[in-house]
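Per our numbering, residue 167 is the first one in the sequence shown, and the count goes up by one each step. Input: a single structure, listed below in structure tokens.
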Amino acid sequence: MFEQSRVLVLNQTYEPINVCNARRAVRMMITGKADTVETNGLIVRSEAMEFHLPAVIRLRTYVYVPRRSQIPFSKKNVMRRDENTCQYCGAKGGFLTVDHVLPRSRGGRSTWENVVCSCRKCNAKKGDRTPDEARLKLKKQPQKPKSFIFHHLNHRFPQAVQQVWEKYLHPARFA
């Protein structure tokens, strides 16, 4: 249970800085280095104490975290950034691919700022045109994710935990 349960670690400023296992989170709480912000509903008991297993903890002191290296551009990471949602119609799941906003045939490059997640229908409708020419509107402008925590937003973690983390992660996705 301790090794499989994941806990989001927030800096003193509530900025997400890491993801650790529950054992490490509990150790930080017991030693007074962190406080529980959100729990996952499970209770941990010992002879001397009982407490709720954390889903999110906050460090009591500020920890300087240097900016992490760049997140590599890939189809998988574009899908993660766009949350597996078509950026033209908002469709989720199903067959999704990536689309160049400015088509490659017109000099568009494969960059974070020019590639979005698209469903098959919208991709076919847009074809070799710009969104304006195809009368499609982007839900949001594509941009390069800057937060390292972006890598922890994959589907390895249980959905319930991701929902608890959402309010802490969402502002950091492109911060």
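All residues carry an ideal CB built from backbone N, CA and C; glycine is no exception. Bear in mind that the values here come from a model prediction, so they are computed numbers and not experimental data.
Nearest-angstrom Cα separation, counted from residue j out to residue i
{"i": "arginine 189", "j": "isoleucine 237", "result": "28 Å"}
{"i": "leucine 208", "j": "valine 222", "result": "13 Å"}
{"i": "arginine 301", "j": "histidine 266", "result": "15 Å"}
{"i": "asparagine 250", "j": "methionine 215", "result": "42 Å"}
{"i": "proline 232", "j": "alanine 290", "result": "42 Å"}
{"i": "valine 173", "j": "proline 220", "result": "7 Å"}
{"i": "threonine 205", "j": "glutamate 213", "result": "21 Å"}
{"i": "threonine 277", "j": "proline 308", "result": "9 Å"}
{"i": "tyrosine 254", "j": "glutamate 299", "result": "13 Å"}
{"i": "tyrosine 180", "j": "valine 192", "result": "18 Å"}
{"i": "valine 331", "j": "asparagine 187", "result": "The amino acid occupying residue 331 in the given sequence is tryptophan; valine does not appear at that position. So the alpha carbons of these two residues sit roughly 14 Å apart."}
{"i": "histidine 218", "j": "valine 210", "result": "6 Å"}
Residues near residue i in its chain [Cβ-Cβ closer than 8 Å; skip 5 each side]
{"i": "glutamine 178", "result": "Arg224, Leu225, Arg226, Thr227, Tyr228, Val229"}
{"i": "leucine 176", "result": "Pro182, Ile183, Val203, Val222, Ile223, Arg224, Leu225, Tyr334"}
{"i": "lysine 199", "result": "Leu225, Arg226, Thr227"}
{"i": "lysine 292", "result": "Tyr254, Asp265, Ser284, Ala300, Leu302"}
Neighbourhood of residue i by C-beta distance below 6 Å, restricted to the same chain and skipping five residues each side
{"i": "serine 271", "result": "Asp294"}
{"i": "proline 269", "result": "Asp294"}
{"i": "glycine 274", "result": "His266, Leu268, Asn280"}
{"i": "glycine 260", "result": "none"}
{"i": "methionine 245", "result": "Cys283"}
{"i": "aspartate 201", "result": "Arg224"}
{"i": "arginine 286", "result": "Phe261"}
Cβ pair residue i, residue j closer than 9 Å
{"i": "proline 297", "j": "asparagine 243", "result": "no"}
Cβ shell of residue i (< 7 Å), same chain only, five flanking positions each side left out
{"i": "aspartate 248", "result": "Val282, Cys283"}
{"i": "glycine 256", "result": "Lys305"}
{"i": "lysine 241", "result": "Val264"}
{"i": "isoleucine 279", "result": "Note on identity: in this sequence residue 279 is glutamate, with isoleucine being the wrong assignment. Cβ neighbours of glutamate 279 beyond the five flanking positions: Pro308, Gln309, Lys310."}
For residue i, the residue or residues it bridges with in DSSP
{"i": "leucine 176", "result": "Pro182, Arg224"}
{"i": "asparagine 289", "result": "Answer by DSSP bridge pairing: none, since asparagine 289 is not bridged."}
{"i": "glutamate 204", "result": "Val222"}
Proximity test, residue i beta-carbon vs the ligand ZN heavy atom, cut-off 8 Å
{"i": "lysine 258", "result": "Questions concerning the ligand ZN fall outside what the structure shown contains, since it holds no ligand whatsoever."}
Which ranges does the beta strand (DSSP E) cover as unbroken runs of at least 3 residues, wholly within the segment 249 to 277, from first to last along the chain?
-> Taking only runs of at least 3 residues, the beta strand (DSSP E) segments lying wholly in the segment 249 to 277 are 262 to 266.
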